[in-house]
Ligand SMILES: Cc1cc2nc3c(=O)[nH]c(=O)nc-3n(C[C@H](O)[C@H](O)[C@H](O)COP(=O)(O)OP(=O)(O)OC[C@H]3O[C@@H](n4cnc5c(N)ncnc54)[C@H](O)[C@@H]3O)c2cc1C
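Residue numbers (the numbering used here): 73 to 545.
Rendered as structure tokens:
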């Protein structure tokens, strides 16, 4: 048996680790991913403010795979032939290759769709990103130039958030915002900065998951009120729900619900682009393009979800996929960001011009890791002739997230958030859609320690160092 994994991120790499444990003796495991490195994205928010080096957030994949007996191919998939079960690859050295498979895991994550917003992104020089190591290094250099200008006494406007009406990953942008605020205060230049949070979320701390809340000592505490208070205390202006439509040098154009379109002046902007599926081509044996049958319109792969169009009020927990498997090909999976969500978790809004502004569904690191493990377990079941046993929908899966607001073990802080489950399920939890005895929200210095600890624990686990199996996703 040959299992081919496309992408060595949170989903693909986790699947690879578990497959080694489960089927190493029955299967050849091959990982295809460009650049020979794993990136621990959660710490890039610190790289972007120069409080951690980029090298601390990455490790070489080839060494880890050699140790585990996994074949690693440095390159990227371009075309999948689902009937003849093979993948075309463009190697990093420019050569082309074709690899056959019995099982295929598409863990290719997001395509960063900067082109979806005219003028957005590092290639234009208008705005920056923290979505790759290279982008973050560039963001840091330009952020440091802003610090120099501030030290010369020049006032600056800094805008942080998302750069497309349908973007996701607001949590990462929010962490960067708070770390910038923390760093500016530490450097004694915060008074000279007008700092703005520009997001497509319907409310502060929606994070694309319809917000977070908990019950403490009998009182309902919402993320929206907690984080609004935090932003207010830190003099950060809130602009939402807003959809960025264009970025020009020094000007961000956006539409906001209930307002006329705005052109906002700025000196430095970090805006996360829209995520789409990696543009893989799917071909039938005769060369017919069947990509539309394998993906949704956003380019993400169609899996065992219920994609029937519905009104927001009618969305339900069982719409979410259980196995992350293609309904057409039971040997092709798409865990992590690569699968197409059946719908959003957040409520969509519209600007006066009819622009849909919607924080689309994130598939966070923890969730992607759980999906990677689930897929590995089910492939192991298929290989040994058993039934699928390991379903885990977003509406069943809990997720924990530590959102840093300052990288310092004495003066820093972080918000610790637990959602159980990620996607609200009003059938199981009629009142809030979540179990608020498990869901949690906390803020303080302990979170800063936890986030730093998680960096080291997961860098250990993901390099398959001794005991990695006992560290959960
Ligand atoms: C700045 C930042 C901070 C974040 N912080 C957090 C956090 O604190 N907590 C949290 O839970 N989540 C966080 N996230 C989200 C988390 O990183 C993602 O949810 C996670 O990376 C998704 O995993 P994935 O495997 O689907 O995609 P990725 O991790 O992006 O992996 C995709 C893989 O596919 C490879 N690939 C791409 N194209 C191809 C191709 N054609 N062929 C083969 N391989 C390909 C890529 O090189 C990569 O190896 C953050 C994200 C960012 C950007």
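For each residue, glycine too, the CB sits at the ideal point set by N, CA and C. Computed from a predicted model, the values in this text were never measured in an experiment.
Distance, residue j Cα to residue i Cα
i           : j           : result
residue 161 : residue 114 : 29 Å
residue 530 : residue 90  : 15 Å
residue 224 : residue 198 : 22 Å
residue 312 : residue 406 : 32 Å
residue 226 : residue 219 : 9 Å
residue 318 : residue 365 : 32 Å
residue 257 : residue 251 : 10 Å
residue 19  : residue 510 : Residue coverage of the chain in this structure runs from 73 to 545, which leaves residue 19 outside it and unanswerable.
residue 230 : residue 208 : 16 Å
residue 347 : residue 524 : 27 Å
residue 448 : residue 149 : 20 Å
residue 159 : residue 211 : 35 Å
residue 189 : residue 324 : 11 Å
residue 19  : residue 522 : Residue numbering for the chain in the displayed model covers 73 to 545; residue 19 lies beyond these limits and cannot be assessed.
residue 104 : residue 437 : 20 Å
residue 76  : residue 390 : 29 Å
residue 240 : residue 537 : 32 Å
residue 99  : residue 80  : 18 Å
residue 421 : residue 330 : 10 Å
residue 526 : residue 381 : 39 Å
residue 369 : residue 261 : 45 Å
residue 269 : residue 151 : 39 Å
residue 279 : residue 467 : 16 Å
residue 316 : residue 242 : 14 Å
With 16 other Cβ atoms within 10 Å as the buried cut-off, status of residue i
i           : result
residue 456 : exposed
residue 138 : exposed
residue 393 : buried
residue 244 : buried
residue 417 : buried
residue 49  : No answer is possible for residue 49: the residues shown for the chain start at 73 and end at 545.
residue 154 : buried
residue 192 : buried
residue 73  : exposed
residue 170 : exposed
residue 216 : exposed
residue 213 : exposed
residue 53  : This structure does not reach residue 53, given that the chain is present from 73 up to 545, and the question cannot be answered.
residue 291 : exposed
residue 289 : exposed
residue 377 : buried
residue 168 : exposed
residue 194 : buried
Neighbourhood of residue i by C-beta distance below 7 Å, restricted to the same chain and skipping five residues each side
i           : result
residue 506 : 491, 492, 493 and 496
residue 132 : 108 and 109
residue 134 : 108 and 144
residue 283 : 275, 277, 294, 295 and 296
residue 259 : 219
Residues of its chain near residue i, where Cβ-Cβ distance is below 6 Å and the 5 sequence neighbours each way are ignored
i           : result
residue 540 : 533
residue 363 : 353 and 354
residue 333 : 327
residue 350 : 180 and 183
residue 287 : 508
residue 446 : 462 and 464
residue 440 : 82, 83 and 408
residue 452 : 94 and 95
Spatial neighbours of residue i in its chain, beta-carbon cut-off 8 Å, leaving aside the 5 residues before and after
i           : result
residue 298 : 277, 487, 513 and 515
residue 264 : 222, 225, 226, 227 and 228
residue 157 : 172, 173, 174, 176 and 403
residue 372 : 348, 349, 406, 409, 410, 411, 412 and 413
residue 545 : 86, 438, 441, 442, 444 and 445
Heavy atom of ligand 3 within 7 Å of residue i beta-carbon
i           : result
residue 180 : Only ligand 1 can be found as ligands here, which leaves ligand 3 out of the picture.
Please go through the segment 429-490 and give each complete alpha helix (DSSP H) segment of 4 or more residues, from N-terminal end onward. As far as the segment 429-490 is concerned, its whole alpha helix (DSSP H) runs of at least 4 residues are 437-455.
Any contact of the segment 476-486 with the segment 498-518, i.e. 3+ C-beta pairs under 8 Å? Because the criterion of three Cβ pairs below 8 Å is met, the segment 476-486 and the segment 498-518 touch.
If we count Cβ pairs, one from each stretch, closer than 8 Å, do we get three or more for the segment 168-184 versus the segment 374-386? The answer is no - the segment 374-386 does not touch the segment 168-184, with fewer than three Cβ pairs under 8 Å.
Counting Cβ pairs closer than 8 Å, one from the segment 74-85 and one from the segment 114-132, do we hit at least three? Cβ pair count under 8 Å is below three, so no.
Inter-stretch contact (C-beta, 8 Å, three-pair minimum) for the segment 408-415 and the segment 170-182: Result yes; three or more Cβ-Cβ pairs closer than 8 Å.
Count the CB pairs spanning the segment 269-288 and the segment 430-445 that are closer than 8 Å, and state whether there are at least three. Yes: at least three Cβ pairs fall under 8 Å.
For the segment 99-116 and the segment 203-220, state whether three or more C-beta atom pairs, one from each stretch, are separated by less than 8 Å. The way I'd put it, the segment 99-116 does touch the segment 203-220; three or more beta-carbon pairs between them come closer than 8 Å.
Three Cβ pairs or more, each shorter than 8 Å: is that satisfied between the segment 138-149 and the segment 163-174? Touching, yes.
If we require 3 or more residues per run, which beta strand (DSSP E) segments fall completely within the segment 332-375? Given a length threshold of 3 residues, each whole run of the beta strand (DSSP E) inside the segment 332-375 is given here in chain order: 334-337, 340-344 and 346-349.
Tell me, please, whether the segment 337-348 touches the segment 231-238 by the rule of three or more beta-carbon pairs shorter than 8 Å. The segment 337-348 makes contact with the segment 231-238, as at least three CB pairs between them are under 8 Å.
Continuous alpha helix (DSSP H) assignments of at least 4 residues falling wholly in the segment 196-235: As far as the segment 196-235 is concerned, its whole alpha helix (DSSP H) runs of at least 4 residues are 205-223.
Within the segment 136-177, note down every full beta strand (DSSP E) run reaching 3 residues or more, in order along the chain. Counting whole runs of 3 or more residues, the segment 136-177 contains the beta strand (DSSP E) stretches 143-153, 158-163 and 168-172.
I'd like the ranges of any alpha helix (DSSP H) spanning at least 4 consecutive residues and lying wholly in the segment 275-301. For the segment 275-301, not a single whole alpha helix (DSSP H) run of length 4 or above is found.
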